[in-house]
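Chemist: Quick one: this structure, given as structure tokens, is what I'll be asking you about.
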Amino acid sequence: MKRFYFLFLIILISSNLFSQKVNDSLLIFHAKIISADSSLPLHNAHVISKFNRWGTISNEDGEFKMLVSNDDSLLVSSIGYSPRFIHIDSSLIKYDQPYEIVMSKDTVMINEIVIHAFWDYRTFKQLIVNMEPLNLDNFYPNWEGTELLYMDPRPLTIKGPIQALYDVFNRSAQLSRRLIKNRKEYNKLMMQMGRPNDTIPAYPEHMTGGN
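Numbering-wise (my numbering), the sequence shown opens with residue 1 and increments by one.
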């Protein structure tokens, strides 16, 4: 029993010495994150310690406090801004005022787009009819065996032979089928891209009375 207490005492003393050594090697880093173009504080910016593997976020005033080690590196990132690496040394530990971290806006290059204005619905409809079918292979992975997940269920309908021949040879019906197919492919693409407001309705607003 005495041996057990002796081992427990040794472990407790060793833990306290190790904790004291770790605490002595850590410093409190107080900083403020601001935007380069407006000098306004950035809140909810992420700060991650590369050495200690922990992190925090800035408050509404753009400030944060974090335990860091000497010669540590901090990764500061925020949406819409280029990430920054901050090397920690004793000169950055200021107790009178926070250290300012200036973040520059990130420039995102996108392809050129051309916006056309159409005078009436008939012109827009004709362009949709003549549009080439969309190839969606580049917008989502081509997983084999999951083709049925991307198929829209269609109700089974039975028509008479005269109506079937009329639909096949009637040019207006052919254009209507192409229009419906292109509209469904376009709407499917917009939904996959998270843009439901850009989908094309089955009937234009002026034909539905705005309902």
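Glycine included, every Cβ here is placed at the ideal spot set by N, Cα and C.
Rounding to the nearest angstrom, what Cα-Cα distance links T123 and I180 in this structure?
Modeler: Taking the sequence shown and counting its residues from 1, the one referred to as residue 123 is at position 123. Taking the sequence shown and counting its residues from 1, the one referred to as residue 180 is at position 180. Going from the Cα of T123 to the Cα of I180 covers about 16 Å.
Chemist: Quick one, are the C-beta atoms of V129 and I34 less than 8 Å apart?
Modeler: Taking the first residue of the sequence shown as position 1, residue 129 is located at position 129. Taking the first residue of the sequence shown as position 1, residue 34 is located at position 34. The answer is no: Cβ separation not under 8 Å.
Chemist: Determine which residues share a DSSP beta bridge with H46 and list them.
Modeler: For this step, residue 46 is matched to residue 46 along the sequence shown. H46 pairs with I57 and S77.
Chemist: Roughly how many whole angstroms lie between the Cα atoms of K65 and P201?
Modeler: The residue labelled residue 65 in the question sits at position 65 within the sequence shown. The residue labelled residue 201 in the question sits at position 201 within the sequence shown. So the two alpha carbons sit approximately 52 Å from each other.
Chemist: Between L156 and the rest of its own chain, which residues show a CB-CB distance below 6 Å, the 5 nearest in sequence each way excluded?
Modeler: For the purposes of this step, residue 156 is taken as the residue at position 156 of the sequence shown. With a pLDDT of only 48 at L156, under 50, the local geometry of the prediction cannot be trusted, and no value is derived from it.
Chemist: Roughly how many angstroms separate the alpha carbons of E100 and L40, rounded to a whole number?
Modeler: In the sequence shown, residue 100 corresponds to position 100, counting from 1. In the sequence shown, residue 40 corresponds to position 40, counting from 1. When rounded, the distance between both Cα atoms is 11 Å.
Chemist: Please identify the residue among A45, S69 and T56 whose C-alpha is closest to the C-alpha of S104.
Modeler: The residue labelled residue 104 in the question sits at position 104 within the sequence shown. Among A45, S69 and T56, the Cα nearest to that of S104 is on A45.
Chemist: For F51, does the count of other Cβ atoms within 10 angstroms reach 16, so buried, or fall short, so exposed?
Modeler: Position 51 of the sequence shown, counting from 1, holds the residue named residue 51. So F51 counts as exposed.
Chemist: Can you give me the Cβ contacts of H30 inside the same chain, cut-off strictly under 6 Å, excluding the 5 residues immediately before and after it?
Modeler: The residue you call residue 30 lines up with position 30 of the sequence shown. So the list reads K65 and P98, once near-sequence residues are dropped.
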